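A.B. asks: Position 98 of the sequence shown, counting from 1, maps to 617 under the working numbering, and the rest follow consecutively.
Here a beta-carbon is modelled for each residue, glycine too, at the ideal position from N, C-alpha and C.
Keep in mind it's a predicted model, so treat the numbers as computed, not measured.
Dumping the structure here so I can ask a few things about it.
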Amino acid sequence: MEIIGVLGLQGAVSEHVKQIKALGLEAVVIKKPEQLEQIDGLILPGGESTTMRKLIDRYDFFDPLKEFYKAGKVIFGTCAGMVLVAKELAGSEESHLGIIDISVKRNAFGRQIASFEVDLDITGLEDPFKAVFIRAPYIESAGQNVEVLAKYDGKIVAAREGNVLTCAFHPELTADTRFLQLFVEMVEEQKQKEGKVS
Ligand code: GLN
């Protein structure tokens, strides 16, 4: 059975844990870098990316997270998590983990419509998905190896490159587990690959 970790430094942690459990999988709240060894895939939750980055540095998570990625493990960044995984941030902001070839704009939908819900068509899902956006970022541009999974209002809001999945909305805030399921399938594929190698 797959064991999914949720980075538990700040943000919407318990909501992800609930969804992982709803899929019948084991969820671990990751508060120490050494816990990364226990898990098959990691979710970087929504919250506040600047705060999360400070905590990543304070608790010595930066290099272990990079190592986790380099080891081929699967990472899913939602909302603030999208800001953390992006290779580039719009404006003069410095990027963080830089593990997916996208340029991300923070709080990109403007103040008036800071939070909203839309029915989104997503590659890989048969029916529209109710996506909850909260002061969400979007992807301004994506490299050629990035697969765009969803757009809202012409802006890219979900994408995948290799073992990194990201979305600008909060899939954990509804009862619909289909987007999480896409991530779990990536984790399963990776585990199978590892099985073949050893
Ligand atoms: N605006 C936040 C940030 O840039 C993200 C908001 C969210 O995760 N809901 O970190």
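Can you list, in chain order, the stretches of the beta strand (DSSP E) that have 3 or more residues and sit fully within the stretch 530 to 614?
C.D. replies: 545 to 549, 560 to 563, 593 to 597 and 605 to 608, all fully within the stretch 530 to 614.
A.B. asks: Should Glu553 be labelled buried (16 or more other beta-carbon atoms within 10 Å of its own) or exposed?
C.D. replies: So Glu553 ends up on the exposed side.
A.B. asks: Comparing C-alpha positions only, which one of Ile539, Met571, Gly527 and Leu526 sits nearest to Glu704?
C.D. replies: Of Ile539, Met571, Gly527 and Leu526, the residue nearest in Cα terms is Ile539.
A.B. asks: According to DSSP, is Gly714 part of a helix, a strand, or is it coil?
C.D. replies: Three-state DSSP puts Gly714 in a helix.
A.B. asks: Measure the alpha-carbon distance for Glu697 versus Ile594 and round it to whole angstroms.
C.D. replies: The question names Glu, yet the displayed sequence has Arg at residue 697. Between Arg697 and Ile594, the C-alpha separation is close to 17 angstroms.
A.B. asks: Pick out whichever of Phe635, Lys592 and Tyr657 has its Cα sitting closest to the Cα of Glu708.
C.D. replies: For the residues Phe635, Lys592 and Tyr657, the minimum Cα distance to Glu708 belongs to Lys592.
A.B. asks: Classify Glu521 as helix, strand or coil using the three-state DSSP reduction.
C.D. replies: The answer is coil: DSSP assigns Glu521 none of H, G, I, E or B.
A.B. asks: Hey, which residues come within less than 5 angstroms of the ligand GLN, measuring from Cβ to any heavy atom, in chain order?
C.D. replies: Taken from the N-terminal end onward, the list reads Gly565, Glu567, Ser568, Cys598, Ala599, Val602, Arg625, Asn626, Ile653 and Arg654.
A.B. asks: Rounded to whole angstroms, what's the CA-CA distance from Ile658 to Glu645? Just pull it up for me.
C.D. replies: C-alpha separation (whole angstroms): 23 angstroms.
A.B. asks: Could you check what DSSP says for Arg654 in three-state terms: helix, strand or coil?
C.D. replies: Of the three classes helix, strand and coil, the one that applies to Arg654 here is coil, per DSSP.
A.B. asks: Using DSSP with H/G/I as helix, E/B as strand and the rest coil, what is Glu490?
C.D. replies: No answer is possible for residue 490: it lies beyond the span of the chain, which begins at 520 and ends at 717.
A.B. asks: Find out if the Cβ-Cβ distance for the pair Ile523, Val706 is shorter than 8 angstroms.
C.D. replies: Yes, Cβ-Cβ distance for Ile523 and Val706 is below 8 angstroms.
A.B. asks: Okay, do the stretch 651 to 665 and the stretch 620 to 638 touch, 3+ Cβ pairs below 8 angstroms being the bar?
C.D. replies: These segments touch.
A.B. asks: When we look at the beta-carbon of Glu521 and count the other beta-carbons within 10 Å, is it buried (16 or more) or exposed?
C.D. replies: Buried is the call here.
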